[in-house]
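All the letters of the sequence shown, read from the start, carry residue numbers 419 to 703 under full-length UniProt numbering.
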Amino acid sequence: RAREATGSSCHFYTADMHNRVIDRLNTEVALYRGLERGEFELHYQPKVDLRSGRVTGVEALLRWNRPGFGLQMPDRFIDILEQTGLIMDAGDWVVREACAAIRNLPLSLAVNVSPRQFQHPRLGERLMRILDESGFPAERLELEVTEQIVVEDEQGAIATLHDLAGRGIRIALDDYGTGFSSLQRLKKLPLHTLKIDKDFVMSLETSRADAAIVRSTIELCHQLDIDVVAEGVENEAAMTLLRSFDCDIGQGYGICRPQPLGRLVEWLASATIASAAAGSAVQPG
Ligand code: C2E
Ligand code: MG
Ligand code: MG
Ligand code: MG
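Below, the structure written as structure tokens:
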């Protein structure tokens, strides 16, 4: 009987695996076509200076309008873009599209760069070509990378970061505190900005430990001349605490959700989110 049970569950599992392989292949083909057919779009999420209330910039976040499936979030397809190498073309598209969208707004632009994109031997040249064609100044572009980029080749990654910084492009370390964050590494990487992961920020008010981590990370960064962005600012209470910790920039649903360009522009025009604690209002520019 035991054998029977095992046999049947094994059979079931195989069918399930079969379906997953088919799904995966379909998704790969659909992604490839989606890139050709212009099914991708960008949503933009503002970043706000917590002292002045001013909007300093936006982060571009990729969405895929997959026919028959609706709007797909990155967790459904970024890994597949990476594994298939399609991320290179997708990444170029993201930078080109975002530069065109944001060029005439008084804002900086942040784009996410995944490890595979980062390992491209001529990343700097590749980006500069797009910036030139877009008429977008390198100084207004920030690349958001994670510590994942140093896993395989730390020296190579550091050299690439220096190359990018030398071209005027700013570097932000994203999702800080989640992976295998090391202070040794923080010291070595040429960073302009550090983004504290939303896991810590979302539990600021309820976890003394998380509050302590956020506060001391901000202090450490300031000693190292690194600006700090708190991701996942969901409410006024978190904003107030972050201000008291002297955090530079906030980003999160409590300020503004990622949204298409049209709605971003509307939001910027009418941004009157009162930030009670500082008595300042969120304002563009
Ligand atoms: P990320 O760069 O850390 O982006 C932050 C994610 O948190 C975004 O999810 C954003 O919508 C979400 N978020 C923002 N504020 C809040 C908040 O207050 N609360 C909560 N719970 N979440 C918030 P999204 O857009 O689903 O993107 C997920 C990840 O996908 C990004 O994480 C980034 O690593 C990756 N990604 C997005 N666009 C691109 C892209 O163009 N290229 C590459 N390589 N990766 C991308
Ligand atoms: Mg990011
Ligand atoms: Mg992040
Ligand atoms: Mg993330």
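Built from N, CA and C at the ideal position, the CB exists for glycine as well.
TODO: In angstroms with no decimal places, state the Cα-to-Cα distance between I505 and V568.
DONE: In the sequence shown, residue 505 corresponds to position 87, counting from 1. In the sequence shown, residue 568 corresponds to position 150, counting from 1. If you take the alpha carbons of I505 and V568, they lie about 18 angstroms apart.
- [ ] Provide the residue span of the beta strand (DSSP E) that contains R484, from first to last.
- [x] Position 66 of the sequence shown, counting from 1, holds the residue named residue 484. R484 -> beta strand (DSSP E) spans 472-484.
- [ ] Look up H610 in the DSSP assignment and say whether it is helix, strand or coil.
- [x] Residue mapping note: residue 610 aligns to position 192 of the sequence shown, counting from 1. H610: coil per DSSP, three-state reduction.
Task: 6 angstroms Cβ shell around D666 - same chain, five flanking residues per side excluded - done: Walking along the sequence shown from the start, residue 666 turns up at place 248. For D666, where only same-chain residues beyond five positions count, the Cβ hits under 6 angstroms are D645, V646.
Task: Bridge partner(s) assigned by DSSP for K616 - done: Taking the first residue of the sequence shown as 1, we reach residue 616 at position 198. DSSP output for K616 lists no bridge partner at all.
Open item on the list: I'd like to confirm something about D550: is its beta-carbon nearer than 7 angstroms to some heavy atom of ligand 2, or not?
Closed with: For this step, residue 550 is matched to residue 132 along the sequence shown. No.
TODO: Have a look at S600, L527, R514, D593 and flag the residue whose alpha-carbon is nearest the alpha-carbon of M620.
DONE: The sequence position of residue 620 within the sequence shown is 202, counting from 1. Nearest of S600, L527, R514, D593 to M620, Cα basis: D593.
Open item on the list: Closer than 7 angstroms to a non-hydrogen atom of ligand 2 - does that hold for the CB of E562?
Closed with: Along the sequence shown, read from residue 1 onward, the residue named residue 562 stands at position 144. For ligand 2, at least one heavy atom lies less than 7 angstroms from the Cβ of E562.
- [ ] Note down, in chain order, each residue of its chain lying with its Cβ closer than 6 angstroms to the Cβ of P464, except the 5 sequence neighbours on either side.
- [x] As a working note, residue 464 is residue 46 in the sequence shown. If we look at P464 and ignore the five residues flanking it on each side, its Cβ neighbours are V473, V476, C674.
Open item on the list: Tell me whether K613, by its Cβ, gets closer than 7 angstroms to a heavy atom of ligand 3.
Closed with: As a first step, residue 613 must be located in the sequence shown, where it is residue number 195. It does: the Cβ of K613 is within 7 angstroms (strictly closer) of some heavy atom of ligand 3.
Open item on the list: In the DSSP output, what is F458 paired with across the bridge?
Closed with: Residue 458 sits at position 40 when you count from the first residue of the sequence shown. Looking at the DSSP output, F458 bridges to W482.
- [ ] Would you mind sorting T611 into buried or exposed? The rule is 16 or more other CB atoms within 10 Å of its CB.
- [x] Counted from its first residue, the sequence shown places residue 611 at position 193. Buried: at least 16 other Cβ atoms inside 10 Å.
TODO: Any chance you could list the beta strand (DSSP E) runs of at least 3 consecutive residues sitting entirely within the segment 580-604, in chain order?
DONE: 588-594
TODO: May I ask which residues mark the beginning and end of the alpha helix (DSSP H) holding G680?
DONE: Taking the sequence shown and counting its residues from 1, one reaches residue 680 at position 262. Its alpha helix (DSSP H) spans residues 679-687.
Open item on the list: Checking 8 angstroms against the spacing of the C-beta atoms, do E562 and V531 come in under that value?
Closed with: In the sequence shown, residue 562 corresponds to position 144, counting from 1. In the sequence shown, residue 531 corresponds to position 113, counting from 1. Taking 8 angstroms as the Cβ cut-off, E562 and V531 qualify as a contacting pair.
Task: Simplified DSSP assignment, three categories, for P539 - done: Translated into the one-based positions of the sequence shown, residue 539 becomes position 121. In the structure shown, the three-state DSSP call for P539 is coil.
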